[in-house]
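>
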Amino acid sequence: MSVGQRIREVRKACNLTQQAFADQLGLKQNTIATYEIEKTIPSDRTLLSICQTFHVNEGWLRTGEGQTFVTPPATTPDEQLAMFLGQITGENSFRTRLISALSRLSDEEWAVLERLANELAQPKT
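Take 267 as the starting number for the sequence shown in our numbering and just add one per residue.
#1: For glycine 270, is the classification buried or exposed, using 16 other Cβ atoms within 10 angstroms of its Cβ as the cut-off for buried?
#2: Taking the DSSP output, what are the residues bridged to valine 322?
#3: DSSP on serine 315, reduced to helix/strand/coil?
#4: Taking the C-alpha atoms as reference points, what is the distance between tyrosine 301 and serine 315?
#5: Express the C-alpha separation of alanine 387 and leucine 313 in angstroms, rounding to a whole number.
#6: Judging by CA-CA distance, which residue of Ser369, Ala279, Glu380 is the nearest neighbour of proline 322?
#7: Based on Cα-Cα distance, which residue from Leu282, Asp373, Ser268 lies nearest to isoleucine 303?
#8: In the DSSP assignment, find the unbroken alpha helix (DSSP H) run with glycine 330 in it and report its ends.
#9: Given a cut-off of 8 Å on the beta-carbon distance, is the pair alanine 288 and isoleucine 273 in contact?
#10: The alpha helix (DSSP H) with lysine 278 in it runs from where to where?
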């Protein structure tokens, strides 16, 4: 498997379009496409950016050896949320629609949702 194929594998494992993947790396969609079809070879800087952004094992990305992903370092809840939101950008999935709907809730609606979640978490008697 080539580097381009491994880049495609990472992108698909993250459920990202070429555009969403490129956006997170500060690249253009067609640049990702040229990597994936092996028309161009990504720079070392791009490979490192992919590894850092998507927690990919650099050795695997370069050679295919080892595990694809590494465990991300411990992060704050805000950083975890930002990583999650970054992964769903550009998707038209349930996750995207749910997060979009949640982002439009009023304070009162959040309170109702919190009460409902608390009720659901209560053990049934």
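Glycine residues also receive a C-beta, built at the ideal position from the N, C-alpha and C atoms.
So, to answer that:
#1: buried
#2: Phe335
#3: helix
#4: 14 Å
#5: 43 Å
#6: Position check: residue 322 holds valine in this sequence, whereas proline was assumed. Valine 322 has its Cα closest to that of Ala279, out of Ser369, Ala279, Glu380.
#7: Ser268
#8: Here glycine 330 belongs to no alpha helix (DSSP H), and DSSP marks it neither H nor E.
#9: no
#10: 269-279
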